[in-house]
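Undergrad: First residue of the sequence shown: 0, per numbering that gives the first Met the number 0; consecutive thereafter. Here it is, the structure in full.
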Amino acid sequence: MRNAHAVTDVRAAEAALMAVLPDGALMQRAAAGLASTCGGLLGQVYGSRVVVLAGTGDNGGDALFAGARLASRGARVTVIAAGSRLHEAGARALRLSGGRIIDAAAAAPAMGEADLVIDGILGIGGHGGLREPAATLASLAARAADAGALVVATDLPSGVDADTGETAGAAIRADVTVCFGTVKPGLLVDPGASHAGTVHLVDIGLGPYLGAPAVTAMQSADVAALLPRPGAESDKYRRGVLGVLAGSRRYTGAAVLSVGGAIRGGAGMVRLVSDRPAADVVRQHWPEAVITVLDDLPAGTGAIEAAGRVQAWAAGPGLGTDDHAAGLLAAVLATPLPVLVDADGLTVLARRRDLLSRPAGAVTLITPHAGELARLLDGDHGEIEARRLESVRRAAAELGVTVLLKGSTTVIATPDPGDPVLVNPTGTPWLATAGSGDVLSGLAGALLAQGVRPVRSAAAAAAFLHGLAGRLAAGGGPIGASDIIGALPQAVRLVTAP
């Protein structure tokens, strides 16, 4: 797991650690880690041109002391003061090591010659967009990056909110962010994640003083530990049977993609309930699926009961949003089984939130994108995109279900405020293609049917594999949803390889 902690918890941990360390020792640990990372990126430190953007706080102090270490190794270090004053001890160390300090007004020539830029303007306490002269320095850093310089952020790119990842106006875009003690939540969630580049964690001793994380990102080993593996005694029923309520006369492809995601996601059997046109197409693509055709059921026969025994349901893709579709969804949600709801099912729930009042102990996972969540919460699409962490927490609390919010950063929250939000670190923009979400629904449903618990872990593992499969399928080029299905076995092999 890659854990991220809220600013208040980081502050408390830093205070507890500083109470048992000599004065200034914690800053020196951070500066040493930052300088070491920068030195590794430069390759040859001697003669390299390093520019430090230094603010007035401790973040600026970390950057100044790191600059001093690089200067002592022969780098030509120029500090650009981003505020009215600098950290006194850091500035003194920088000058004694041979570095120079200039005003922001004279920044352009130095930035134009930089091999590496260290961003130490703002730290984890910064909020809102960068103000002048910091905004101009961010622009100059971007130009330096375009000219080939590396940009390294100190703990957090300036202009990114540490707790949320939100940006309000100008913000530094880093190639590498050197984090001290723990990752900050805003580095794992867009738009902050897209500003952070590669996140490198430096251990400064905070671990024993940190509490529960606010945000967690699964790694390959975490996913591998969750995935069921068939044994000698396994059969199709023991491996998990997923019911899929998807597709309609108009939308046949959604059923094909959901069923495919479930089969390639490891379900021992998939039982599809759908209209004849969708069922016929699924038979051609996935002959192993067991299909209940709604058109063939005698009057008065319950379609969900007629499908047979399952361990979980995935409902909604291509289902339609009329009263008939709502009735089918209501029947699924009336069962005591785990249920995933996506796509058209979410549109139905936006009108019928009462359907989420399920039998005691029944668990529900919904997988909306920002537009669907906006309808569920009667909110604004843009606000949800800009405040993904806040939005997913609110949705989980208000709806009383586990929520997987799809998008540039997939985030997962439960109704329990004590659970950290899970963030998916895999994926590619090529996943933004029609039907991609239907594949994810089938895959996540398959993991639920196989008994992966808690539900948030099943959702996170599915998002991880889905993102990895997207990367494998794309290889840097465009893909369709069917390509994601084809790459799922390879994704599983990569994650579970010894």
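No residue lacks a Cβ here, since even glycine has one placed at the ideal position from N, Cα and C.
Which residues does DSSP list as the beta-bridge partners of leucine 421?
TA: Answer is Thr215 and Ile411.
Undergrad: How long is the line joining the alpha carbons of methionine 17 and alanine 24, rounded to whole angstroms?
TA: One C-alpha to the other measures close to 8 angstroms.
Undergrad: Under three-state DSSP, which class holds threonine 197?
TA: It is a strand residue.
Undergrad: Consult DSSP for leucine 339 and reduce its assignment to one of helix, strand or coil.
TA: Leucine 339 falls in the strand class under three-state DSSP.
Undergrad: Given this structure, state the Cα-to-Cα distance separating tyrosine 236 from glycine 360, to the nearest angstrom.
TA: Distance between the alpha carbons of tyrosine 236 and glycine 360: 23 angstroms.
Undergrad: Just to confirm, is the Cβ distance from leucine 52 to leucine 136 under 7 angstroms?
TA: Contact flag set, yes.
Undergrad: CA-CA distance, isoleucine 483 and serine 47?
TA: Taking the straight line from one Cα to the other gives about 44 angstroms.
Undergrad: Is any heavy atom in the ligand NAP found nearer than 6 angstroms to the beta carbon of alanine 152?
TA: Among the ligands in the structure shown, none appear at all, so the ligand NAP cannot be discussed.
Undergrad: Taking leucine 441 as the reference, which of Ala480, Pro419 and Trp429 has the closest Cα?
TA: Checking the sequence shown, residue 441 turns out to be glycine, not leucine. Glycine 441 has its Cα closest to that of Ala480, out of Ala480, Pro419 and Trp429.
Undergrad: Are the region 311-325 and the region 246-265 touching by the rule of at least three beta carbon pairs closer than 8 angstroms?
TA: Touching, yes, given that three or more Cβ pairs across the two stretches are closer than 8 angstroms.
Undergrad: Got a sec? Which residues, its chain only, sit under 6 angstroms from glutamate 382 by beta carbon, not counting five neighbours each side?
TA: Once the five neighbours on either side are set aside, glutamate 382 has no close Cβ partner at all.
Undergrad: Using 8 angstroms as the Cβ pair cut-off and three pairs as the minimum, do the region 332-352 and the region 383-391 touch?
TA: Result no; under three Cβ-Cβ pairs closer than 8 angstroms.
Undergrad: Spell out a yes or no on whether the region 142-150 and the region 102-117 are touching, meaning 3 or more CB-CB pairs, one atom from each, closer than 8 angstroms.
TA: Contact holds: three or more Cβ-Cβ distances are below 8 angstroms.
Undergrad: Is it the case that the Cβ atoms of alanine 144 and proline 184 are separated by a distance below 7 angstroms?
TA: Going by C-beta atoms, alanine 144 is not nearer than 7 angstroms to proline 184.
Undergrad: Mapping the DSSP letters down to three states, classify valine 289 as helix, strand or coil.
TA: Of the three classes helix, strand and coil, the one that applies to valine 289 here is strand, per DSSP.
Undergrad: Leaving out five residues before and five after leucine 187 in sequence, what residues of the same chain have Cβ atoms less than 6 angstroms from its Cβ?
TA: Correct list, in chain order: Ala3, Val214, Ala216 and Val422.
Undergrad: Quick check: the region 440-456 against the region 201-210, are at least 3 beta-carbon pairs closer than 8 angstroms?
TA: No, the region 201-210 is not in contact with the region 440-456.
Undergrad: If you check the beta carbons only, do isoleucine 79 and alanine 106 fall under 7 angstroms apart?
TA: Cβ atoms of isoleucine 79 and alanine 106: closer than 7 angstroms.
Undergrad: DSSP on aspartate 257, reduced to helix/strand/coil?
TA: Note on residue identity: the sequence assigns serine, not aspartate, to residue 257. Residue state, collapsed to three classes: helix.
Undergrad: Residues bridged to aspartate 353 by DSSP?
TA: BP columns for aspartate 353 are empty, so no partner.
Undergrad: Report the rounded CA-to-CA distance for leucine 69 versus glycine 60, giving the unit in angstroms.
TA: Taking the straight line from one Cα to the other gives about 14 angstroms.
Undergrad: For a quick check, are the C-beta atoms of valine 400 and alanine 412 less than 7 angstroms apart?
TA: No. Outside cutoff.
Undergrad: Leaving aside the five residues before and after histidine 194 along the sequence, list all residues of the same chain whose C-beta is less than 6 angstroms from its C-beta, in chain order.
TA: Excluding sequence neighbours, histidine 194 sits near Pro156, Val159, Ala170 and Arg172.
Undergrad: In three-state terms, what does DSSP make of threonine 166?
TA: If DSSP states are grouped into helix, strand and coil, threonine 166 belongs with the strands.
Undergrad: In terms of alpha-carbon separation, which member of Pro453, Gly469, Ala330 and Ala5 lies closest to alanine 211?
TA: Residue Ala5 is the option with its Cα nearest to alanine 211.
Undergrad: So which of Ala473, Ala490, Ala306 and Gly485 has the shortest CA-CA distance to alanine 462?
TA: The shortest C-alpha separation from alanine 462 is found at Ala490.
Undergrad: Measure the alpha-carbon distance for leucine 256 versus valine 438 and round it to whole angstroms.
TA: Using only the alpha carbons, I get a separation of about 5 angstroms.
Undergrad: Could you have a look at glycine 73 and say whether DSSP puts it in helix, strand or coil?
TA: Three-state DSSP puts glycine 73 in coil, outside helix and strand.
Undergrad: Pull up the distance between the alpha-carbon of leucine 41 and that of valine 49, whole angstroms please.
TA: Going by the C-alpha atoms only, they are around 10 angstroms apart.
Undergrad: For valine 240, tell me which candidate among Gly111, Ala433, Gly127 and Val269 has the shortest Cα-Cα distance.
TA: Comparing Cα-Cα distances from valine 240 to each of Gly111, Ala433, Gly127 and Val269, the minimum goes to Val269.
Undergrad: Could you tell me the boundaries of the beta strand (DSSP E) in which valine 50 lies?
TA: Where valine 50 is concerned, the enclosing beta strand (DSSP E) stretches over 48-53.
Undergrad: If we count the other Cβ atoms within 10 Å of its Cβ and call it buried at 16 or more, is glycine 476 buried or exposed?
TA: Classification for glycine 476: exposed.
Undergrad: Identify which residue in Ala74, Leu327 and Thr320 has its Cα closest to the Cα of glutamate 304.
TA: If we check each option's Cα against that of glutamate 304, Leu327 comes out closest.
Undergrad: Does the pairing of the region 393-410 with the region 360-372 give three or more beta-carbon distances under 8 angstroms?
TA: In short, these stretches touch, since the Cβ pair count reaches three.
Undergrad: To the nearest angstrom, report how far apart leucine 471 and alanine 486 are at their CA atoms.
TA: If I take the Cα positions, the gap works out to 6 angstroms.
Undergrad: Tell me the residue span of the beta strand (DSSP E) that contains arginine 586.
TA: The first residue shown for the chain is 0 and the last is 497, placing residue 586 beyond what the model contains.
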